[in-house]
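Scroll down for the structure; my scribbles are underneath it.
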Amino acid sequence: MTLIGPNGKVMRLSNIPLALLLLIASSTPLLAAGSEADFRTAYAAAETANQEAGRLRNQWTTTAAALAEAKKAAEAGDFDRAIAASKQAEALAKASIFQANNEKEAWKALEIR
Amino acid sequence: MRSAMHLVVSAAAAFAALAFSSLAPAAAADTPDPVADARAFRNYFTQKFPKVKLEDFVNGPYSMNEDMHRQWEEKEQFPPYEFALEAGQEMFSKPFKNGRSYADCFPNQGIGIRQNYPIFDEKEGKVVTLELALNRCREANGEAPLSYVKDDMAALTAYMAFTSRGKPFDIKIPSDPRALEAYQDGKRYFYTRRGQLNFSCASCHVQSPGERIRAEVLAPALGILNAMPIYRSEWSGMGTISRRFTTCNSQIRGVPLDPQADEYRDLEYYLSYVSNGLPISGPGARP
Chain A
0 MTLIGPNGKV
10 MRLSNIPLAL
20 LLLIASSTPL
30 LAAGSEADFR
40 TAYAAAETAN
50 QEAGRLRNQW
60 TTTAAALAEA
70 KKAAEAGDFD
80 RAIAASKQAE
90 ALAKASIFQA
100 NNEKEAWKAL
110 EIR
Chain U
0 MRSAMHLVVS
10 AAAAFAALAF
20 SSLAPAAAAD
30 TPDPVADARA
40 FRNYFTQKFP
50 KVKLEDFVNG
60 PYSMNEDMHR
70 QWEEKEQFPP
80 YEFALEAGQE
90 MFSKPFKNGR
100 SYADCFPNQG
110 IGIRQNYPIF
120 DEKEGKVVTL
130 ELALNRCREA
140 NGEAPLSYVK
150 DDMAALTAYM
160 AFTSRGKPFD
170 IKIPSDPRAL
180 EAYQDGKRYF
190 YTRRGQLNFS
200 CASCHVQSPG
210 ERIRAEVLAP
220 ALGILNAMPI
230 YRSEWSGMGT
240 ISRRFTTCNS
250 QIRGVPLDPQ
260 ADEYRDLEYY
270 LSYVSNGLPI
280 SGPGARP
């Protein structure tokens with residue numbers, strides 16, 4: 000087996016030190032298929048963040064859409080897609096929380112005086 | 000000694016003046032002043048659109064563009080809200096099962112009172128909109144409440160608005176700290192950015208009236224509720240204020256609140272108050 004090195008040269012796998020191979024293997028867990036448990040963790044984190052956005056009366060429709068997509072993918076057994084959608088939902092929910100907190104004072108800048 | 004005393008008094012006076020000059024504006028900025036707000040609001044729009052007559056702002060996008068104004072005048076020959084007006088009058092006149100009617104729930108039998116809503120109900124400590132008052136009337140008389148966003152509510156409010164046409168908005172803020180707080184909360188909601196698109200109501204209706212957002216010309220916030228409810232070609236039907244608020248929220252990718260949530264009631268209170276003096280023109284028609 001061969002790999003292309005950073006200098007563009009072809010490297011034989013046998014020439015790569017074992018420690019480096021172990022490092023590559025340990026740093027690429029995303030390549031592994033997502034499990035149902037991983038999905039449940041990611042989905043719960045997204046839901047918690049979205050509930051906080053709801054408490055601040057500032058949920059986004061795109062968060063709800065990403066959560067729905069995650070659930071649909073999980074039901075179809077596609078946990079990689081379900082995890083990715085859950086993470087997207089969590090990021091969107093966190094952005095909506097940031098927006099709500101920031102606007103507690105920032106709205107005044109728009110006011111007609 | 001006298002000069003030393005004089006110096007101390009002058010220094011104290013200067014310090015006090017400095018302290019007050021730095022504190023007073025900050026305090027004023029945080030103290031709601033609806034009268035000053037309404038004046039500033041009106042000035043902003045009249046200066047931005049010096050050719051538009053004050054009373055014409057209630058015609059929304061049609062006041063911003065001469066071509067559209069002509070289209071609107073033609074449309075008013077056979078207004079698309081006419082069917083709703085007739086249905087609303089019929090509903091309003093038809094007694095409930097218990098023999099009472101909407102007229103029994105309102106001052107002046109419900110005729111020519113649109114310009115006074117929303118009101119601040121001091122017993123409840125909250126804003127009561129016309130839509131809410133209509134449903135409370137129904138429930139008090141054993142009838143099921145109507146959907147706030149569908150045709151029947153739009154028809155009823157269309158008829159009530161029609162009986163108030165030409166009457167200036169006359170929203171009162173009673174001397175009750177809760178009323179002032181509701182007004183201020185409505186103002187905050189109006190200017191607060193929300194949704195994934197990070198828009199506030201003001202982003203469209205203060206910063207960009209007259210501009211196009213896709214195919215639509217944005218209406219100015221001044222007088223924006225005077226024409227409600229409206230027939231919208233985009234909706235192929237009538238829409239209430241509740242429908243307008245919830246749709247605005249979803250268009251900017253925000254999850255709408257329940258119709259008649261406190262926030263929307265307060266928003267309607269604020270927006271109506273700052274349009275005080277402008278005539279009711281509802282029901283209206285919009286693209």
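Chains as they are written, first to last, in numbering that gives the first Met the number 0: chain A, 0 to 112; chain U, 0 to 286. Just so it is clear, CB atoms sit at the ideal spot from N, CA and C, and this is done for glycine as well. Just so it is clear, the structure is predicted and the values come from calculations on it, not from any experiment.
Asked, Found
"Bridge partners of residue 119/U, per DSSP?", "126/U"
"Just mark residue 102/A as buried or exposed, buried being the case when its beta carbon has 16 or more other beta carbons within 10 Å.", "buried"
"Residues of chain A with CB closer than 8 angstroms to the CB of residue 262/U, please, in chain order.", "56"
"Distance check for residue 111/A and residue 34/U, CA to CA, integer angstroms please.", "13 angstroms"
"Which of the three DSSP states, helix, strand or coil, is assigned to residue 273/U?", "coil"
"Return the Cβ separation of residue 253/U and residue 194/U in integer angstroms, given the expectation that the two are a contact with Cβ distance under 8 angstroms.", "3 angstroms"
"Excluding five sequence neighbours on each side, which residues of the same chain lie with their C-beta closer than 8 angstroms to the C-beta of residue 96/A?", "48, 51, 52, 55, 57"
"Which bits of chain A does residue 179/U rub up against, with CB to CB less than 8 angstroms?", "What residue 179/U touches in chain A: nothing, since even the nearest Cβ is about 16 angstroms away."
"Rounding to the nearest angstrom, what Cα-Cα distance links residue 59/U and residue 246/U in this structure?", "17 angstroms"
"Taking 9 angstroms as the CB-CB limit, is residue 66/A close to chain U?", "no"
"Within the continuous alpha helix (DSSP H) that includes residue 152/U, where are the two ends?", "150 to 161"
"Counting C-beta neighbours from all protein chains within 10 Å, is the total for residue 267/U 16 or more, i.e. buried, or is it exposed?", "buried"
"Can you list, in chain order, the residues of its chain whose CB lies under 8 angstroms from that of residue 148/U, leaving out five sequence neighbours each side?", "238, 239, 241, 242, 245, 258"
"Cα separation between residue 82/U and residue 126/U?", "30 angstroms"
"If you draw a straight line from the alpha carbon of residue 48/U to that of residue 39/U, how long is it in whole angstroms?", "14 angstroms"
"What separation, rounded to the nearest whole angstrom, lies between the Cα atoms of residue 67/A and residue 32/A?", "21 angstroms"
"Per DSSP, which residues does residue 216/U bridge with? Please list them.", "211/U"
"Check each residue of the stretch 32 to 59 of chain U: if its Cβ is closer than 7 angstroms to any Cβ of chain A, include it; give the result in chain order.", "39, 40, 43"
"My guess is that residue 274/U and residue 217/U are in contact by the Cβ rule of under 8 angstroms, so how many angstroms apart are they, rounded?", "Residue 274/U to residue 217/U, Cβ: 16 angstroms. No contact."
"Considering only residues of the same chain and omitting the five flanking positions on each side of residue 227/U, which have a CB-CB separation below 6 angstroms?", "240, 281"
"Excluding the 5 residues flanking residue 179/U on each side, which residues of the same chain have their C-beta closer than 8 angstroms to its C-beta?", "31, 33, 172"
"Can you give me the Cβ contacts of residue 276/U inside the same chain, cut-off strictly under 6 angstroms, excluding the 5 residues immediately before and after it?", "167"
"How about residue 294/U and residue 151/U: are their beta carbons less than 9 angstroms apart?", "Within the shown structure, residues of chain U are numbered from 0 to 286, placing residue 294/U beyond reach of any answer."
"Return the residues of the stretch 245 to 269 of chain U that lie within a Cβ-Cβ distance of less than 7 angstroms from chain A, sorted by chain order.", "249, 252, 253, 254, 256, 262"
"How should residue 342/U be labelled, buried or exposed, when 16 other C-beta atoms within 10 angstroms of its C-beta is the threshold for buried?", "Nothing can be reported for residue 342/U, as the shown portion of chain U is limited to 0 through 286."
"Following the continuous beta strand (DSSP E) through residue 230/U, name the residue where it begins and the one where it ends.", "229 to 231"
"The alpha helix (DSSP H) with residue 63/U in it runs from where to where?", "No alpha helix (DSSP H) holds residue 63/U; DSSP gives it neither H nor E."
"For chain U, find out if any of its Cβ atoms is closer than 9 angstroms to the Cβ of residue 98/A; answer yes or no.", "yes"
"Please list, in chain order, the chain A residues whose beta carbon lies closer than 9 angstroms to that of residue 192/U.", "98, 101, 102, 105, 106, 109"
"Please name the residues in the stretch 69 to 101 of chain A whose beta-carbon is closer than 9 angstroms to at least one beta-carbon of chain U, in chain order.", "91, 94, 95, 98, 99, 101"
"Please name the residue in 88/U, 133/U, 198/U, 71/U whose C-alpha comes closest to that of residue 230/U.", "71/U"
"For residue 143/U, which of helix, strand or coil comes out of DSSP?", "coil"
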